[in-house]
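Q: Residue numbers for the sequence shown follow the working numbering, so the first one is 11 and each next one is one higher. Where is the CB? At the ideal position from N, CA and C, for every residue including glycine. Computed from a prediction, not measured in an experiment: that's the story for all the values here.
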Amino acid sequence: MNVRILTLILSVAISMAASDAHGDDSPGAKPAASGYSPRIAPASEEAERAMAGFRLPAGMRAELVAAEPLLANPVAFCFDERGRIYVAETFRQSQGVVDNRGHMHWLHDDLAAETIADRLAYFRKHLGNKIKGYATEHDRIRLLFDRDGDGRYESSTVFADGFNQIEDGTGAGVLVRDGNVYYTCIPKLYRLNDASGDGVADTRETLHDGYGVRVAFRGHDMHGLTVGYDGRLYYSIGDRGYNVLSQEARRFKRPDTGAVFRCEMDGSQLEVFAYGLRNPQELAFDDFGNLFTGDNNSDSGDRARWVYVVEGGDSGWRMQFQYLPDRGPWNRERMWYPYRADDATTRVQPAHIVPPIANLGDGPSGLVFYPGVGLPDRYRGHFFMADFRGSPQNSGIRSFAVEPRGASFELADSHEFIWSILATDVDFGYEGNLYVSDWVNGWEGEGKGRIYRFPHADAGPEGAQTATLFRDGFAQRSVEELRELLSHADRRVRLEAQFALVKHVQSGKATPRVMLDALDDSPRMARIHAVWGMGQLLRSQELDRESLDAFLALHADGDDEIRAQLARVAGECRQSRAVYEILLSMLRGDASTRVKSLAAISLGRLSPRPDIPIELARDAVDVLLAGLAANQNSDAVLRHAYVMGLTGVGQKSPQLLSEAAERPSHFERLGVLLALRRLHDPLVSRFLSDPEPDLVLEAARAINDVPINAAMPQLAALTERPGLA
């Protein structure tokens with residue numbers, strides 16, 4: 011411990027200045043007709059031969075859906091409601107999208123870069139005239155058609171290209187929603203639309219700019235597009251970092267780590283949902299609104315991680331660790347180990363991080379959660395993750411589930427599902443079949459690419475119904491039909507029914523009563539979707555008092571999960587005073603650890619609001635500290651949730667945290683310390699003289715790592731303390 015403190019004391023804190031640069035395309039601008047024609051392999055029988063080597067579970071067969079030259083180098087893919095496939099293709103690997111490992115002479119410039127402009131400047135400095143070659147190849151979106159409905163895609167268009175600016179990264183995420191195509195390609199999040207219906211985008215709009223301020227490693231891209239239970243867009247970036255100005259002129263800046271973001275579907279109300287990740291390639295929600303990702307290892311003896319992505323969570327990774335021979339604190343302090351994996355981990359793992367659930371896979375890539383139709387019952391509640399290792403022999407699709415453990419989860423039923431395929435992405439078609447994209451071989455891309463379908467003999471008839479429902483749409487359906495669909499076997503149908511009901515209420519065609527009625531005497535999943543729908547309404551408008559009171563009465567519901575979901579969405583409520591006391595009562599008396607964790611996070615979101623009186627905030631501090639004392643660090647996610655609650659209170663009144671810093675329990679003081687770290691508050695320096703050595707170390711970490719420059723003199727003064735060395 012003392013060596014770590016001395017290391018922190020001697021570290022140099024570099025002051026970083028935020029840039030105000032922010033670019034945007036003109037909404038409605040037509041993509042340029044580039045005439046770009048990359049090298050793509052001709053048609054062959056290789057794909058059919060490759061299928062013979064796949065290892066499949068009993069009852070499943072492989073079918074070729076599409077192959078080169080219809081597509082090449084597929085990074086990610088998705089379906090639209092008509093069953094068409096959008097493919098994110100890359101041709102810029104090592105041809106504009108490069109890697110620090112091949113350019114170590116510019117590493118210091120990369121570590122110093124804080125904006126896209128910084129990265130471009132040092133490219134010009136080191137490359138000279140060679141920089142023109144960085145704009146030669148494009149990434150693009152290909153659209154595949156099955157025009158005759160035989161299940162084989164026989165034609166394609168280039169939906170959009172021209173993603174070949176010098177600063178552009180790999181286009182690694184694509185999602186279709188309500189006729190819009192969302193595309194992630196460093197440095198931008200795009201929204202495209204094909205109004206003419208000819209299979210080529212007519213408009214492209216930049217929703218945000220500023221992702222990928224550093225080069226880092228190839229493949230550490232912007233990706234993971236998915237729609238959450240709350241109707242918002244979620245996506246991720248690897249440790250190329252970000253410096254983004256939101257549509258509301260809020261600056262989000264962490265140039266040295268990966269993160270998960272969320273925003274409304276029009277790009278507004280951007281938030282950093284979680285950070286400290288190395289390369290979270292894809293994101294997936296389970297049936298209960300919990301978000302997960304697979305995060306890659308750093309090739310230093312550490313292992314890839316299965317991560318419960320908790321709101322506000324910091325997983326601990328920083329990009330500069332990659333260039334230390336032993337990866338610095340990442341390995342020394344066992345940040346990549348599950349919580350309390352062994353005695354050594356328990357002793358040295360920092361308290362400010364949210365540790366992973368498990369170590370899983372070697373190259374986590376594409377990810378999807380089973381929607382509920384198409385496979386045997388064994389796979390209900392399972393995830394399917396592409397494990398990409400550079401060759402088909404050692405790669406494939408893993409399947410596994412999670413089971414509740416306190417406020418977090420533990421891994422269950424983990425196994426190789428489909429193997430011997432160099433999978434980049436995995437998804438379910440609306441008819442229920444599993445689909446996998448095949449990179450074919452290597453790391454660079456050979457101008458080849460395939461998509462396979464994997465039907466299962468035990469699939470039921472529900473998939474055909476799902477496909478029909480999506481093809482026909484949801485907007486025109488009656489309230490009664492939508493209410494019924496909240497109980498459908500396919501979660502995708504349930505979500506669309508929920509979203510359609512919310513739109514009915516928002517447009518005045520229905521009242522919140524349609525959601526409240528679904529909470530009475532309905533199956534459990536229908537009730538959960540009704541809670542989420544009410545959460546969307548709470549976020550977008552004020553409810554009449556009768557409706558709000560009826561909804562908040564769920565805090566006494568007999569189902570733990572209903573109470574948990576109420577606690578989750580309560581933090582979105584515009585009428586914050588009305589729910590604050592409910593959350594406090596849940597924290598005081600609910601027996602469920604999961605309920606308490608979600609209630610604490612929501613309390614933190616609401617605490618800074620002006621309609622929360624200081625007396626209630628003071629009560630919240632007492633309740634949150636009591637929870638920390640009772641938890642005694644036994645549950646890391648619960649500890650994090652309480653800290654998020656205290657952080658919100660600290661935003662309202664720093665004095666309340668200052669008073670709490672004197673608490674007798676070191677578990678309570680640790681919670682205050684971690685909240686001060688999140689607030690970048692120099693008051694954290696008072697813990698440098700705490701009688702508990704672990705708190706001294708956590709304070710030193712906070713001052714050095716954030717950094718909290720105003721507290722650096724107090725940290726440096728520790729060198730004079732007898733017995734420290």
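Ends of the beta strand (DSSP E) at K198?
A: Counted from its first residue, the sequence shown places residue 198 at position 188. Start and end: K198 to N203.
Q: Shortest alpha-carbon distance to A226 belongs to which of G238, R111 and T146?
A: Reading the sequence shown from its first residue, position 216 is the one you call residue 226. If we check each option's Cα against that of A226, R111 comes out closest.
Q: Could you pull the DSSP bridge partners for C273 from this structure?
A: Here residue 273 is taken as the residue at index 263 of the sequence shown, counted from 1. Answer is L243.
Q: Report buried or exposed for N83, applying the criterion of at least 16 other Cβ atoms within 10 angstroms of its Cβ.
A: Working through the sequence shown from its first residue, we reach residue 83 at position 73. Buried, by the Cβ-count rule.
Q: In three-state terms, what does DSSP make of R187?
A: Locating residue 187 in the sequence shown gives position 177, counting from the first residue. It is a strand residue.
Q: Using 8 angstroms as the cut-off, can you tell me whether the region 423 to 443 makes contact with the region 649 to 667, which would need three or more C-beta pairs spanning the two stretches below that distance?
A: No, because fewer than three Cβ pairs between the region 423 to 443 and the region 649 to 667 fall closer than 8 angstroms, the two stretches do not touch.
Q: For the alpha helix (DSSP H) containing Y519, list its first residue and its last residue.
A: Your numbering for residue 519 matches position 509 in the sequence shown. The question names Tyr, but residue 519 is Lys in the sequence shown. Where K519 is concerned, there is no enclosing alpha helix (DSSP H), given that its DSSP letter is neither H nor E.
Q: Are the Cβ atoms of Y46 and H118 separated by less than 7 angstroms?
A: Mapped onto the sequence shown, residue 46 falls at position 36. Mapped onto the sequence shown, residue 118 falls at position 108. Cβ distance not < 7 angstroms, so Y46 and H118 don't count as in contact.
Q: Please state whether the Cβ-Cβ distance between G222 and N253 is less than 7 angstroms.
A: For the purposes of this step, residue 222 is taken as residue 212 along the sequence shown, with counting starting at 1. For the purposes of this step, residue 253 is taken as residue 243 along the sequence shown, with counting starting at 1. Taking 7 angstroms as the Cβ cut-off, G222 and N253 do not qualify as a contacting pair.
Q: How about the region 629 to 641 and the region 671 to 689: do they share at least three Cβ pairs that are nearer than 8 angstroms?
A: Yes, the region 629 to 641 touches the region 671 to 689.
Q: For H466, which residues in the same chain have their Cβ closer than 6 angstroms to its Cβ, ignoring the five residues on either side in sequence?
A: Within the sequence shown, residue 466 is the residue found at index 456, counting from 1. Within the same chain, H466 has close Cβ partners G69, M70 and L385.
Q: Which parts of the region 115 to 161 are runs of the alpha helix (DSSP H), unbroken and 4 residues or longer, counting only runs that do not cross its ends?
A: DSSP runs (the alpha helix (DSSP H)) wholly in the region 115 to 161: 117 to 122 and 126 to 137.
Q: Under 8 angstroms by Cβ, that's how I've got P48 and F87 pegged, so tell me the actual separation to the nearest angstrom.
A: Stepping through the sequence shown from its first residue, residue 48 is reached at position 38. Stepping through the sequence shown from its first residue, residue 87 is reached at position 77. Not confirmed; about 18 angstroms, so no contact.
Q: On a Cα-Cα basis, can you pick out the residue from V107, S405, E556 and M596 that is closest to Y144?
A: Position 134 of the sequence shown, counting from 1, holds the residue named residue 144. Out of V107, S405, E556 and M596, V107 has the C-alpha closest to the C-alpha of Y144.
Q: Out of curiosity, what's the CA-to-CA distance linking D35 and C195?
A: Working through the sequence shown from its first residue, we reach residue 35 at position 25. Working through the sequence shown from its first residue, we reach residue 195 at position 185. Any reading at D35 needs caution, since the residue's pLDDT is 42, under 50, leaving its predicted position unreliable; the model's value is listed next. Taking the straight line joining both Cα atoms gives about 14 angstroms.
Q: Smallest Cα separation from V237: which of E472, R502 and D570?
A: What you label residue 237 is simply residue 227 of the sequence shown in a count that begins at 1. The shortest C-alpha separation from V237 is found at R502.
Q: Is the separation between the beta-carbon of P348 and that of P366 shorter than 7 angstroms?
A: Here residue 348 refers to the residue found at position 338 when the sequence shown is read from its first residue. Here residue 366 refers to the residue found at position 356 when the sequence shown is read from its first residue. Yes, these two residues count as a Cβ contact at 7 angstroms.
Q: Can you check which of these residues, A411, K606 and P623, is closest to A368 by C-alpha distance?
A: Numbered from 1 along the sequence shown, position 358 holds the residue referred to as residue 368. Taking only the C-alpha atoms, the option nearest A368 is A411.
Q: If I measure Cβ to Cβ from V85 and keep anything under 6 angstroms in the same chain, skipping five residues before and after, which residues do I get?
A: In the sequence shown, counting from the first residue as 1, residue 85 sits at position 75. Only A98, T100, A182 and T434 meet the Cβ criterion.
Q: In or out: I624 buried (at least 16 other Cβ within 10 Å) or exposed?
A: In the sequence shown, counting from the first residue as 1, residue 624 sits at position 614. By the neighbour-count rule (16 or more Cβ atoms within 10 Å), I624 is not buried but exposed.
Q: Pick out whichever of A712, G457, S418 and R408 has its Cα sitting closest to the Cα of V436.
A: Start at 1 with the first residue of the sequence shown, and residue 436 comes out as number 426. For V436, the nearest C-alpha among the options comes from R408.
Q: Can you tell me the Cβ-Cβ gap for Y244 and V270, rounded? I've got them flagged as a contact below 8 angstroms.
A: On the sequence shown, residue 244 is found 234 positions in, with the first residue counted as 1. On the sequence shown, residue 270 is found 260 positions in, with the first residue counted as 1. Y244 to V270, Cβ: 6 angstroms. Contact.
Q: I think W542 touches D240, with their Cβ atoms under 8 angstroms apart; what is that distance to the nearest whole Å?
A: Along the sequence shown, one-based indexing puts residue 542 at 532. Along the sequence shown, one-based indexing puts residue 240 at 230. The pair is a contact, with the Cβ atoms about 6 angstroms apart (cut-off 8 angstroms).
Q: Does the Cβ-Cβ distance between W116 and Y132 come in under 7 angstroms?
A: One-based indexing of the sequence shown puts residue 116 at position 106. One-based indexing of the sequence shown puts residue 132 at position 122. Contact flag set, yes.
Q: Out of W327, E258, P339 and G371, point me to the one whose CA is closest to G304's CA.
A: Counting from one through the sequence shown, the residue named residue 304 turns up at place 294. It is G371.
Q: Between the region 543 to 561 and the region 505 to 512, can you find at least three pairs of beta-carbon atoms closer than 8 angstroms?
A: Contact holds: three or more Cβ-Cβ distances are below 8 angstroms.
Q: Return the CA-CA distance between A422 and A72, expressed in angstroms with no decimal places.
A: Along the sequence shown, read from residue 1 onward, the residue named residue 422 stands at position 412. Along the sequence shown, read from residue 1 onward, the residue named residue 72 stands at position 62. Each residue's Cα considered, the two are about 26 angstroms apart.
Q: Measuring alpha carbon to alpha carbon, tell me which residue in A314, A646 and A284 is nearest R415.
A: Your numbering for residue 415 matches position 405 in the sequence shown. When only C-alpha atoms are compared, the closest one is A646.
Q: So N714 is in the alpha helix (DSSP H); what residue range does that whole segment cover?
A: By 1-based counting over the sequence shown, the position of residue 714 is 704. P703 to D715 is the extent of the alpha helix (DSSP H) around N714.
Q: Kindly indicate which residue of G473, W340 and L558 has the alpha-carbon position closest to the one of Y440.
A: Along the sequence shown, one-based indexing puts residue 440 at 430. Selected option, being the one with the closest Cα: G473.
Q: Excluding the 5 residues preceding and the 5 following P37 in the sequence, name in chain order all residues of the same chain whose CB lies nearer than 8 angstroms to its CB.
A: As a working note, residue 37 is residue 27 in the sequence shown. With a pLDDT of 36 at P37, under the threshold of 50, the predicted position of this residue should be treated as unreliable, though the coordinate-derived value follows. The residues are T213 and E215.
Q: Taking C-alpha atoms, which residue in L608, V450 and L154 lies nearest to E56?
A: Residue mapping note: residue 56 aligns to position 46 of the sequence shown, counting from 1. Per the Cα distances, V450.
Q: Which of the three DSSP states is assigned to A627 in this structure?
A: Residue mapping note: residue 627 aligns to position 617 of the sequence shown, counting from 1. The answer is helix: DSSP assigns A627 an H, G or I state.
Q: Using CA coordinates, which residue listed in G376, M535 and R328 is at the minimum distance from A294?
A: Working through the sequence shown from its first residue, we reach residue 294 at position 284. Comparing Cα positions, the closest option is G376.
Q: Between which two residues does the beta strand (DSSP E) containing R214 stretch?
A: For the purposes of this step, residue 214 is taken as residue 204 along the sequence shown, with counting starting at 1. Segment T213 to D219, the beta strand (DSSP E) holding R214.
Q: Which residue marks the beginning of the beta strand (DSSP E) containing P84, and which one marks its end?
A: One-based indexing of the sequence shown puts residue 84 at position 74. Run containing P84: P84 to F89, per the beta strand (DSSP E) assignment.
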